[in-house]
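Notes follow the structure.
Residue numbers (our numbering): 6 to 169.
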């Protein structure tokens, strides 16, 4: 069961990170397109600014699960280093439960915000609902829950290994 969940978690985190990288690439490409249109052709494309902003928001919310999975998100390095192994495991649980509570709030209110924003349209892209932009919070939050549980089951301390 543990191995099945960790395999599922690796796939979900990989997919979320792949989408986050795609959002970064999209933002960069749209930025270059906007520069080209504005300064070379002198015909600015206003819609690119909105899409850049929302692709960066999606990128952040889809990359956070990888940070949670690597144990690099909520860092309590000093306490962890000074604690005996038994206390370290308790510390893992406390940090994970606090992170899950925070992510639960983000999912709950993010979904509510997305539903309420569904009647708005994006400035510059009037045919696209703001629902799709706000949906980044609950979607990213669901991936975070999987990453947090994965790190609780199989802790990784990437920030401790790379710290000097």
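Each residue gets a CB set at the ideal place from its N, CA and C atoms; glycine is no exception. Only a predicted model underlies this, so the values are computations on that prediction, with no experimental measurement involved.
Secondary structure of residue 140, DSSP reduced to three states: coil
Extent of the continuous beta strand (DSSP E) to which residue 110 belongs: That residue, residue 110, is in no beta strand (DSSP E); its alpha helix (DSSP H) goes 90–122.
Distance CB(residue 69)-CB(residue 123) smaller than 8 Å: no
Helix, strand or coil at residue 64 according to DSSP, with G and I counted as helix: helix
Same chain, Cβ closer than 7 Å to residue 131, neighbours up to 5 away in sequence not counted: none
N-terminal and C-terminal residue of the alpha helix (DSSP H) that residue 11 is part of: 7–40
Identity of the residue in 96, 51 and 34 nearest residue 127 by Cα: That would be 51, whose Cα lies nearest to the Cα of residue 127.
Euclidean distance between Cα positions of residue 65 and residue 56: 14 Å
Exposed unless 16 or more other CB atoms sit within 10 angstroms - verdict on residue 8: exposed
Per DSSP, the bridge partner or partners of residue 127: 130
Integer Cβ distance of residue 21 from residue 67, believed to fall under 8 Å: Yes, they are in contact, since the Cβ atoms of residue 21 and residue 67 sit about 5 Å apart, within 8 Å.
Selection from 71, 93 and 34 that minimises the alpha carbon distance to residue 150: 71
Beta-carbon gap between residue 54 and residue 75 smaller than 8 Å: no
Simplified DSSP state of residue 72, which is helix, strand or coil: Under the three-state reduction of DSSP output, residue 72 falls in the helix class.
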